[in-house]
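Engineer: Residue numbers (the numbering used here): -1 to 210. The C-beta atom is built at its ideal place from N, Cα and C for all residues, glycine as well.
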């Protein structure tokens, strides 16, 4: 029976955009890309998503990584985590957003969604060809309630204690990431003392550049 990988997206993101590239991480495995709305419906317990407890490897990107760390007590001991652009506190002073900004953007999702999403796209800068535009196209089709709930979750939840059962965790982050800055990710070393941290010098916020 093939191994199972589950991929948890960042806020307002669709990892299946890069499915052909990302599945190269283990070509022999069965890869499941969780839709953002499915993840947003399980913010309180990401392990309630079908297949999560039995997956050999779970990849969490941004918000997806935060949800894994918040649900640490439910992680099977044999499960590997790969965390892409993770953070302890999305509203950290070393990042581009504070809690007031994010709560305002959450409210905008119900009246000016496209304006709010454009602001997040602008934060990516001119990274890597068409990927920011593809991200935006996917995000514009998502349910505004799910988008707002994800933003509020990132304001209300942060990692402030050591992650128990912290073996077999790999952290990958991009030196050029302007959304989750390297300084934000490196603050997790205090809470993930057994994890392996690896910087990708030529990568920004996009998973294909971090993984390969």
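Which runs of the beta strand (DSSP E) at least 3 residues long sit entirely within the region 157 to 182? Give them in chain order.
Structural biologist: Whole beta strand (DSSP E) segments, 3+ residues: 167 to 172.
Engineer: Whole angstroms is fine: what's the gap from residue 19's alpha carbon to residue 136's?
Structural biologist: Taking the first residue of the chain shown as 1, we reach residue 19 at position 21. Taking the first residue of the chain shown as 1, we reach residue 136 at position 138. Roughly 18 Å between the two C-alpha positions.
Engineer: Tell me the DSSP secondary structure of residue 100 in three-state form.
Structural biologist: Translated into positions along the chain shown, residue 100 becomes position 102. Helix, per DSSP.
Engineer: Would you list the one or two residues that DSSP bridges to residue 28?
Structural biologist: Start at 1 with the first residue of the chain shown, and residue 28 comes out as number 30. Looking at the DSSP assignment, residue 28 forms a beta bridge with 2.
Engineer: From the DSSP output, read off the bridge partner residues of residue 47.
Structural biologist: Translated into the one-based positions of the chain shown, residue 47 becomes position 49. Beta-bridge pairing links residue 47 to no other residue.
Engineer: Any idea which residues DSSP pairs residue 188 with across the strands?
Structural biologist: On the chain shown, residue 188 is found 190 positions in, with the first residue counted as 1. DSSP output for residue 188 lists no bridge partner at all.
Engineer: Go to residue 195, then tell me how far its beta strand (DSSP E) extends in each direction, as first and last residue.
Structural biologist: Taking the first residue of the chain shown as 1, we reach residue 195 at position 197. It spans 194 to 198 - the beta strand (DSSP E) in which residue 195 sits, taken as one unbroken run.
Engineer: Could you pull out every unbroken alpha helix (DSSP H) segment of at least 4 residues lying fully inside the region 44 to 91, listed in chain order?
Structural biologist: 61 to 68, all fully within the region 44 to 91.
Engineer: My understanding is that residue 169 touches residue 61, with C-beta atoms under 8 Å, so please give their C-beta distance in whole angstroms.
Structural biologist: For this step, residue 169 is matched to residue 171 along the chain shown. For this step, residue 61 is matched to residue 63 along the chain shown. Wrong, their Cβ atoms sit about 15 Å apart, outside the cutoff.
Engineer: Run the CB neighbour count on residue 173, radius 10 Å, all protein chains shown included, and call it buried at 16 or more, exposed below.
Structural biologist: Locating residue 173 in the chain shown gives position 175, counting from the first residue. Under this definition residue 173 is an exposed residue.
Engineer: For residue 102, count the other beta carbons within 10 Å of its own beta carbon; 16 or more makes it buried, fewer makes it exposed. Which is it?
Structural biologist: Locating residue 102 in the chain shown gives position 104, where the first residue counts as 1. With fewer than 16 other Cβ atoms within 10 Å, it is exposed.
Engineer: Could you tell me how far apart the beta carbons of residue 142 and residue 107 are, in whole angstroms, since I believe they sit closer than 8 Å?
Structural biologist: Residue numbering aside, residue 142 sits at position 144 when the chain shown is read from its first letter. Residue numbering aside, residue 107 sits at position 109 when the chain shown is read from its first letter. Indeed they touch by this definition, with Cβ atoms about 4 Å apart.
Engineer: Please name the residue in 163, 205, 210, 179 whose C-alpha comes closest to that of residue 74.
Structural biologist: Start at 1 with the first residue of the chain shown, and residue 74 comes out as number 76. For residue 74, the nearest C-alpha among the options comes from 163.
Engineer: Please look up how many angstroms separate the CB atoms of residue 9 and residue 152, rounded, as I've assumed it's under 8 Å.
Structural biologist: In the chain shown, residue 9 corresponds to position 11, counting from 1. In the chain shown, residue 152 corresponds to position 154, counting from 1. That belief holds up - the Cβ atoms of residue 9 and residue 152 are roughly 7 Å apart, short of 8 Å.
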